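What follows is one structure encoded as structure tokens, with my remarks underneath.
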Amino acid sequence: MSDNVFPVPEAVAKAALVDDAKYKAMYERSVTDPNGFWGEQAQRIDWIKPFTKVKNTSFDPHNVSIKWFEDGELNVAANCVDRHAATRPDQTAIIWEGDDPADSKHITYAQLKDEVSRFANVLKARGVKKGDRVTIYLPMIPEAAYAMLACARIGAVHSIVFGGFSPDSLAGRIEDCGSAVVITADEGLRGGRKVPLKANVDAALKKITGVETVLVVRRTGSKMEMTAGRDIYYDEAAAAVSADCPVEPMNAEDPLFILYTSGSTGKPKGVLHSTGGYLVYASITHELVFDYHPGEVYWCTADVGWVTGHSYIVYGPLANGATTVMFEGIPTYPSPARFWEVVDKHKVNIFYTAPTAIRSLMGAGEGHVKKTSRASLRVLGSVGEPINPEAWVWYYNVVGDARCPIVDTWWQTETGGILITPLPGATALKPGSATRPFFGVQPAVVDAEGNVLTGATEGNLVILDSWPGQMRTVFGDHERFVQTYFSAYKGTYFTGDGCRRDADGYYWITGRVDDVINVSGHRMGTAEVESALVAHPKVAEAAVVGYPHDLKGQGIYAYVTLMTGIEPTEELRKELVAWVRKEIGPIASPDLVQFSPGLPKTRSGKIMRRILRKIAEDSFDSLGDTSTLADPGVVDDLIENRQNRK
Ligand code: WTA
Numbered sequence: 144m145s146d147n148v149f150p151v152p153e154a155v156a157k158a159a160l161v162d163d164a165k166y167k168a169m170y171e172r173s174v175t176d177p178n179g180f181w182g183e184q185a186q187r188i189d190w191i192k193p194f195t196k197v198k199n200t201s202f203d204p205h206n207v208s209i210k211w212f213e214d215g216e217l218n219v220a221a222n223c224v225d226r227h228a229a230t231r232p233d234q235t236a237i238i239w240e241g242d243d244p245a246d247s248k249h250i251t252y253a254q255l256k257d258e259v260s261r262f263a264n265v266l267k268a269r270g271v272k273k274g275d276r277v278t279i280y281l282p283m284i285p286e287a288a289y290a291m292l293a294c295a296r297i298g299a300v301h302s303i304v305f306g307g308f309s310p311d312s313l314a315g316r317i318e319d320c321g322s323a324v325v326i327t328a329d330e331g332l333r334g335g336r337k338v339p340l341k342a343n344v345d346a347a348l349k350k351i352t353g354v355e356t357v358l359v360v361r362r363t364g365s366k367m368e369m370t371a372g373r374d375i376y377y378d379e380a381a382a383a384v385s386a387d388c389p390v391e392p393m394n395a396e397d398p399l400f401i402l403y404t405s406g407s408t409g410k411p412k413g414v415l416h417s418t419g420g421y422l423v424y425a426s427i428t429h430e431l432v433f434d435y436h437p438g439e440v441y442w443c444t445a446d447v448g449w450v451t452g453h454s455y456i457v458y459g460p461l462a463n464g465a466t467t468v469m470f471e472g473i474p475t476y477p478s479p480a481r482f483w484e485v486v487d488k489h490k491v492n493i494f495y496t497a498p499t500a501i502r503s504l505m506g507a508g509e510g511h512v513k514k515t516s517r518a519s520l521r522v523l524g525s526v527g528e529p530i531n532p533e534a535w536v537w538y539y540n541v542v543g544d545a546r547c548p549i550v551d552t553w554w555q556t557e558t559g560g561i562l563i564t565p566l567p568g569a570t571a572l573k574p575g576s577a578t579r580p581f582f583g584v585q586p587a588v589v590d591a592e593g594n595v596l597t598g599a600t601e602g603n604l605v606i607l608d609s610w611p612g613q614m615r616t617v618f619g620d621h622e623r624f625v626q627t628y629f630s631a632y633k634g635t636y637f638t639g640d641g642c643r644r645d646a647d648g649y650y651w652i653t654g655r656v657d658d659v660i661n662v663s664g665h666r667m668g669t670a671e672v673e674s675a676l677v678a679h680p681k682v683a684e685a686a687v688v689g690y691p692h693d694l695k696g697q698g699i700y701a702y703v704t705l706m707t708g709i710e711p712t713e714e715l716r717k718e719l720v721a722w723v724r725k726e727i728g729p730i731a732s733p734d735l736v737q738f739s740p741g742l743p744k745t746r747s748g749k750i751m752r753r754i755l756r757k758i759a760e761d762s763f764d765s766l767g768d769t770s771t772l773a774d775p776g777v778v779d780d781l782i783e784n785r786q787n788r789k
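Our numbering puts the first residue of the sequence shown at 144, with every later residue one more than the last.
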């Protein structure tokens, strides 16, 4: 092999579920006989009514249709909770680690069953029925998992909105899916600071109608304003219902959840995942990608507001009867040693985080790591953005003491689970490469015309055929689903990512090739930030691009043209940043704002983003052809006043 290669550590190889030979054999079978392979793998799930058909999928843009196990019936909560409560009631299902290091608790599978059933009965008492949408806007507390599983238990479809989103963003998401119920907490707690969740819900509900119930979980206990008839404290409602609730039999293709995510155009779209295929895929990937062995403690540091939290804090691990850690806080509170102290405290064996966290902890120095033992760690994981080789090597050597493989897992909200990844016992690693496809996944690299390229090459990443965890549609807008993912390169699923494949067949994801930017592992549509900016009364026009950022991976660079007569000042710059925070949420705050009297446009009025990206990257020697610009002069001004001077 070329490059810098890290072989499978011997201790891991010995006990691993899958070695290299087995990977190759299973992969071959999974793509030549998907019906046989997935029909067998689906047996990891308990079915109320067994399926007779496995795969029925089409990527034909005239008829995109994705169905797996379509005549089977099951219930996700029965699989994630009840079956383990029956066989291992006293095993810890969830270890909750609070923001304050003195705050933690263990929830057993038996307790989880009671909590989920009670929550389900509260929802039922408020009129929630199968198929209804329920919006969840909670911090990282066990009630978030209870609420998700309670919805699954009664067949309601949850839509989680990350607690960092603004009232406006929340309102848009509640309205789009038509939830009559919102579940929130009085306040969240992160890094010692309070997050006003209930107040945000109140502000959101001033903008929309249709919400009849707001369930408020008490987290901090601060006094809240409660709207009579609409707002209820969860603990009071829970005290009035029983801890018994039957599970609703669901068709495999019934929806399980909606999760809004940013795309290159328009408003965030409601990615819809279904019940059977999603659960099978979350379960198999959690087990094999992390080489999960019964009894191990597994910790994914994501927030349940993102897809990683759905698949790899809640559904995958719990389907597998694992012990999953749920962390309320942040990596640097009370100190940058927090992650490793929690690893020691709960004897974590498998640890899964994002490159942005690794980079920031790396900046804080190895002392914070070295003072902890981390002897329990066996497997490390990375997700959300490309990991730069320096951060990878630091994670491997300093955190993992050069004995834990790193699984660099590439996937998306849309894919439901991990698609390209090493397997701990099977794959020699190369820092920065997500390596090889998971079972059943057929990646391909295409050029701009859609020709499938072979061998070592670089281009756009597409997937040639369906896998069970794939999203089924955009909620309420199937046409947008077809347009976004199946029209660029006919007959394939287009990921929006660029990628390189090396001579060993390893995949290296190079980042988004569309107008999506990835800030600290969070997806942000440039169009969303632009529309927030132009909503400001002093802004005439805005164009937003990503640029390389040492900690965040990508930063947000905004070019802003002000209304005639408005003075560009430092104060206004700050005001615009605060404005975007308020409109969308802190994760969308522009890092750099450049006031630009004009933007580079073609004669037909299209903004030439390629040029803006180059200038934001501070690499404008090769701007390419600017002769088609309506006014080539604007480029000199943009370069002159760039904000990202190296
Ligand atoms: C990026 C997160 C490189 C990619 C699970 C993708 C990655 C987007 C990796 C999806 C990785 C995710 N290496 N890039 N291991 N994982 N990405 O929907 O650009 O929040 O398209 O899902 O993150 O982000 P999303």
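Just so it is clear, CB atoms sit at the ideal spot from N, CA and C, and this is done for glycine as well.
Note that this is a predicted model, so its numbers are computed, not measured.
**OP:** Could you work out which residue in 388, 443, 456 and 232 is closest to residue 268 when comparing CA atoms only?
**Re:** Ranked by how close their Cα comes to the Cα of residue 268, the residues 388, 443, 456 and 232 have 388 in first place.
Original post:
On the premise that residue 159 lies in contact with residue 93, defined as a C-beta separation below 8 Å, what is that separation, rounded to the nearest angstrom?
Top reply: This structure cannot speak to residue 93, because the chain is shown only from 144 to 789.
Original post:
Quick one: what does DSSP say residue 645 is sitting in, helix, strand or coil?
Top reply: Residue 645 carries a coil assignment under DSSP once its states are collapsed to helix, strand and coil.
Subject >> Nearest residue (CA-CA) to residue 329, options 348, 366, 293 and 762 >> reply: For residue 329, the closest C-alpha among the options 348, 366, 293 and 762 is that of 366.
**OP:** Please go through the same chain and pick out, in chain order, the residues whose beta-carbon is closer than 6 Å to the beta-carbon of residue 90, but skip the five residues on each side of it.
**Re:** Past the boundaries of the shown model lies residue 90; the chain is included only from 144 to 789, so the question cannot be answered.
Subject >> Which of helix, strand or coil DSSP assigns to residue 310 >> reply: Residue 310: helix per DSSP, three-state reduction.
Original post:
Regarding residue 525 and the ligand WTA, is the C-beta to nearest heavy atom distance less than 7 Å?
Top reply: Yes, the Cβ of residue 525 comes within 7 Å of a heavy atom of the ligand WTA.
Subject >> Given 8 Å, three or more beta-carbon pairs between the segment 408-416 and the segment 609-627 >> reply: Cβ pair count under 8 Å is three or more, so yes.
**OP:** Flag residue 661 as yes when its Cβ comes closer than 7 Å to any non-hydrogen atom of the ligand WTA, and as no otherwise.
**Re:** Taking 7 Å as the cut-off, one finds at least one heavy atom of the ligand WTA near enough to the beta carbon of residue 661.
Subject >> Complete runs of the alpha helix (DSSP H) confined to the segment 737-771 [at least 4 residues] >> reply: If we require 4 residues or more, the alpha helix (DSSP H) runs fully inside the segment 737-771 come out as 752-759.
**OP:** Starting from residue 442, follow the beta strand (DSSP E) in both directions and report where the run begins and ends.
**Re:** Per DSSP, residue 442 is one residue of the beta strand (DSSP E) stretching across 440-443.
Original post:
Helix, strand or coil: which one does DSSP assign to residue 540?
Top reply: Residue 540: helix per DSSP, three-state reduction.
Subject >> Cross-strand partners of residue 254 (DSSP beta bridge) >> reply: In DSSP, residue 254 forms no bridge with anything.
Original post:
Starting from residue 334 and walking both ways along the alpha helix (DSSP H), at which residues does that stretch end?
Top reply: Element bounds for residue 334: n/a, residue is neither H nor E.
Subject >> Expected contact under 8 Å - CB spacing of residue 659 and residue 727 to nearest Å >> reply: The Cβ separation is near 14 Å, so there is no contact.
Subject >> Spatial neighbours of residue 286 in its chain, beta-carbon cut-off 6 Å, leaving aside the 5 residues before and after >> reply: Here the set comprises 360.
Subject >> Rounded separation between residue 739 and residue 758 - CA only >> reply: Going from the Cα of residue 739 to the Cα of residue 758 covers about 12 Å.
Subject >> Limits of the unbroken beta strand (DSSP E) element including residue 483 >> reply: Unbroken run through residue 483 is the alpha helix (DSSP H), 481-489; no beta strand (DSSP E).
Original post:
residue 650 and residue 530 look like a contact to me (Cβ under 8 Å); what is the Cβ gap, rounded to whole Å?
Top reply: About 13 Å separates the beta carbons of residue 650 and residue 530, which is beyond the 8 Å limit, so they are not a contact pair.
Subject >> Counted within 10 angstroms of its Cβ, other Cβ atoms place residue 191 as buried (16 or more) or exposed >> reply: With fewer than 16 other Cβ atoms within 10 Å, it is exposed.
**OP:** Within 10 angstroms of the Cβ of residue 397, are there 16 or more other Cβ atoms? Answer buried if so, exposed if not.
**Re:** By the 10 Å Cβ count, residue 397 comes out buried.
**OP:** Check whether the Cβ atoms of residue 454 and residue 187 sit closer than 8 Å, and answer yes or no.
**Re:** Residue 187 is positioned such that its CB atom lies no closer than 8 Å to that of residue 454.
**OP:** Return yes when at least one heavy atom of the ligand WTA lies under 7 Å from the C-beta of residue 606, else no.
**Re:** Checking every heavy atom of the ligand WTA against the Cβ of residue 606, none is found closer than 7 Å.
**OP:** For the beta strand (DSSP E) containing residue 280, list its first residue and its last residue.
**Re:** Note, residue 280: beta strand (DSSP E), 276-280.
Subject >> Inter-residue spacing [alpha-carbon to alpha-carbon] between residue 319 and residue 280 >> reply: Annotation: residue 319 to residue 280 spans about 15 Å, alpha carbon to alpha carbon.
Original post:
Do residue 461 and residue 185 have their C-beta atoms closer together than 8 Å?
Top reply: For the 8 Å CB-CB criterion, residue 461 and residue 185 do not form a contact.
**OP:** Whole angstroms is fine: what's the gap from residue 381's alpha carbon to residue 261's?
**Re:** Cα to Cα, the separation comes out at about 6 Å.
Subject >> Proximal residues to residue 725 (C-beta, below 7 Å), its chain only, five neighbours per side dropped >> reply: Within the same chain, Cβ atoms closer than 7 Å to the Cβ of residue 725 are found at 309, the five residues on either side in sequence being excluded.
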